[in-house]
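Here the structure is laid out as structure tokens; the discussion comes afterwards.
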């Protein structure tokens with residue numbers, strides 16, 4: 005498995021740009037050269053600020069349980085770049101990645117000027133259309149939506165989980181500006197499901213859907229859910245479901261699961277497939293989402309959670325309170341510069357007995373000392389080297405405490421690589 009595109013380049017030479025450069029022109033031009041694979045597959049396009057990964061995982065397992073071949077493209081990687089591309093839970097192989105790059109090189113990859121994410125997206129479309137030929141592909145938006153490189157096809161269904169303060173500077177600073185980018189994945193006549201509750205953001209989504217003549221299904225309007233004592237109740241015009249159990253922890257997973265349920269119901273209608281409650285129940289119980297309240301060590305507990313904006317931190321804090329209220333909480337934190345860092349830190353401080361701030365090797369990563377300065381917690385320190393910070397954090401926990409590692413999803417990916425590798429060696 006390849007840890008990075010640099011590793012892949014050692015196997016087969018190709019050109020790539022390591023930058024963020026929103027826009028669809030480059031990828032559309034290149035995809036045309038390889039047969040426009042994005043137009044050869046059925047897609048559910050999933051965007052939103054928080055919950056899109058968990059929603060994807062719930063929908064994936066339900067559809068696999070239905071007997072479908074389900075492709076998944078998500079970002080960032082959990083551990084290897086291979087894990088961003090999978091069919092029915094099996095990652096793309098090294099050999100398949102090399103083969104795709106060889107084909108792309110023959111069709112002008114060197115001249116295309118693609119960014120890393122654009123190349124990943126192009127590989128996903130080609131893989132699902134040509135090599136594995138899936139029944140349905142679940143494609144997660146990378147950044148925003150309207151100008152995101154995944155936004156080059158007409159899906160069977162669009163999902164916008166919600167709109168929060170994310171990627172400030174790239175998407176805008178107001179909820180309305182960010183919602184405009186998210187709503188860009190809505191396509192003419194294609195149904196869209198959304199869990200958004202903010203009236204200003206809902207209005208933006210509603211207007212885009214009206215303009216595109218797309219049916220829109222809002223949570224708490226066309227469908228609703230309740231999560232009580234770990235059991236989910238779902239209601240829509242056609243279905244009332246009770247006593248559903250979820251594999252993922254946290255009250256916020258009720259919203260994500262209900263989006264997936266609504267998506268499943270709409271897809272079954274669209275494809276004239278038979279609804280099966282057993283399939284739904286089994287699928288919801290099998291979903292796994294690495295890096296989202298993931299317990300990577302039981303004693304003492306080490307939890308990874310990619311809470312990468314203030315709304316995600318709110319959900320994380322509530323889940324920590326529910327599960328570890330009697331434990332001392334040590335936090336290891338690193339985030340990207342374009343996130344609302346001060347707000348995120350403020351929300352973490354009430355549950356944290358100690359915070360260690362760090363950084364990691366990523367162009368947009370914030371310096372540990374800069375984040376340290378915004379914290380008002382008494383027990384705090386910083387260490388720029390994340391591997392050293394990780395060892396320090398682990399040394400601070402015992403049987404009466406829990407280590408919570410959070411912040412950037414890219415940071416969590418690096419941490420998972422270290423922790424899961426050491427666990428496998430034992």
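In our numbering, the protein residues as written are 5 to 430. Using N, Cα and C, we set each Cβ at its ideal position, and we do this for glycine too.
Nonlocal neighbours in the same chain, by C-beta distance under 6 Å from residue i, ignoring five residues either side
i: residue 46; result: 140, 160
i: residue 27; result: 151
i: residue 348; result: 314, 317
i: residue 371; result: 363
i: residue 119; result: 21, 23, 25
i: residue 346; result: 378
i: residue 310; result: 295, 413, 416
i: residue 55; result: 165, 260
i: residue 222; result: 198
i: residue 423; result: 300
i: residue 69; result: 283, 286, 287
i: residue 421; result: 83
i: residue 105; result: 16, 18
i: residue 108; result: none
i: residue 433; result: Here the chain covers residues 5 to 430 and nothing more, so residue 433 does not appear.
i: residue 216; result: 190, 192
Distance between residue j and residue i (C-alpha atoms, nearest Å)
i: residue 142; j: residue 58; result: 12 Å
i: residue 167; j: residue 121; result: 22 Å
i: residue 171; j: residue 279; result: Model confidence at residue 171 stands at a pLDDT of 48, short of 50, so the residue's coordinates are unreliable; what they give is reported in the following sentence. Their backbone Cα atoms lie some 38 Å apart in a straight line.
i: residue 164; j: residue 187; result: 7 Å
i: residue 16; j: residue 72; result: 33 Å
i: residue 200; j: residue 192; result: 20 Å
i: residue 10; j: residue 18; result: 10 Å
i: residue 148; j: residue 175; result: 7 Å
i: residue 282; j: residue 247; result: 12 Å
i: residue 381; j: residue 91; result: 45 Å
i: residue 48; j: residue 212; result: 18 Å
i: residue 334; j: residue 373; result: 18 Å
i: residue 190; j: residue 162; result: 6 Å
i: residue 245; j: residue 354; result: 37 Å
i: residue 53; j: residue 214; result: 22 Å
i: residue 303; j: residue 113; result: 48 Å
Residues near residue i in its chain [Cβ-Cβ closer than 7 Å; skip 5 each side]
i: residue 87; result: 81, 95
i: residue 41; result: 35, 129, 130, 133, 134
i: residue 240; result: 226, 227, 266, 269
i: residue 44; result: 133
i: residue 404; result: 331, 332
i: residue 183; result: 167, 205, 208, 209
i: residue 242; result: 269
i: residue 181; result: 175
When the options are compared against residue i, the one with the closest alpha-carbon
i: residue 12; options: 84, 220, 41, 293; result: 84
i: residue 154; options: 346, 180, 246, 124; result: 124
i: residue 436; options: 51, 127, 6, 100; result: It is not possible to answer for residue 436, since the shown part of the chain is limited to 5 through 430.
i: residue 289; options: 303, 396, 64, 106; result: 64
i: residue 419; options: 405, 397, 344; result: 397
i: residue 331; options: 311, 351, 357; result: 357
i: residue 145; options: 69, 215, 50; result: 50
i: residue 62; options: 292, 380, 54; result: 292
i: residue 29; options: 76, 414, 48, 156; result: 156
i: residue 136; options: 147, 393, 162, 97; result: 97
i: residue 305; options: 244, 261, 406; result: 406
i: residue 301; options: 276, 245, 222, 401; result: 401
i: residue 202; options: 319, 218, 178; result: 178
i: residue 431; options: 31, 422, 67; result: For the chain, the structure presents residues 5 to 430; residue 431 sits outside this window and is missing.
i: residue 6; options: 102, 328, 237, 284; result: 102
i: residue 284; options: 33, 395, 328, 236; result: 236
i: residue 390; options: 368, 399, 361; result: 361
i: residue 32; options: 216, 116, 218; result: 116
i: residue 218; options: 245, 158, 234, 328; result: 158
i: residue 327; options: 307, 343, 353, 53; result: 307
Per DSSP, the bridge partner or partners of residue i
i: residue 361; result: 337, 386
i: residue 431; result: In the structure as shown, the chain begins at 5 and stops at 430. Residue 431 is therefore absent and cannot be evaluated.
i: residue 369; result: 340
i: residue 50; result: 144, 163
i: residue 238; result: 229, 245
i: residue 332; result: 405
i: residue 301; result: 306
i: residue 21; result: 119
i: residue 215; result: Its beta-bridge partners do not exist; DSSP assigns none.
i: residue 130; result: Looking at the DSSP assignment, residue 130 forms no beta bridge with any residue, so it has no partner.
Residue i Cβ short of 7 Å to the ligand HEM heavy atom set
i: residue 324; result: Absent from the structure shown: the ligand HEM. Ligands present: none.
Cβ shell of residue i (< 8 Å), same chain only, five flanking positions each side left out
i: residue 14; result: none
i: residue 366; result: 340, 412, 414, 415
i: residue 430; result: A caution first: residue 430 carries a pLDDT of 46, below 50, which makes its placement in the model unreliable, though a value can still be read off. Nothing listed; no residue qualifies.
### Message
If contact is defined by three or more beta carbon pairs under 8 Å, each pair taking one atom from either stretch, is the segment 70-84 in contact with the segment 184-201?
### Response
no
#### Entry: Validate contact between the segment 385-404 and the segment 312-325 using beta carbons, cut 8 Å, 3 pairs
no
### Task
Please confirm if the segment 228-246 is in contact with the segment 264-277, defined as three or more CB-CB distances below 8 Å between the two stretches.
yes
### Query
Just checking, does the segment 327-344 make contact with the segment 269-285 on the three C-beta pairs under 8 Å criterion?
no
### Task
Report yes or no: do the segment 250-257 and the segment 292-301 share at least 3 C-beta pairs separated by less than 8 Å?
yes
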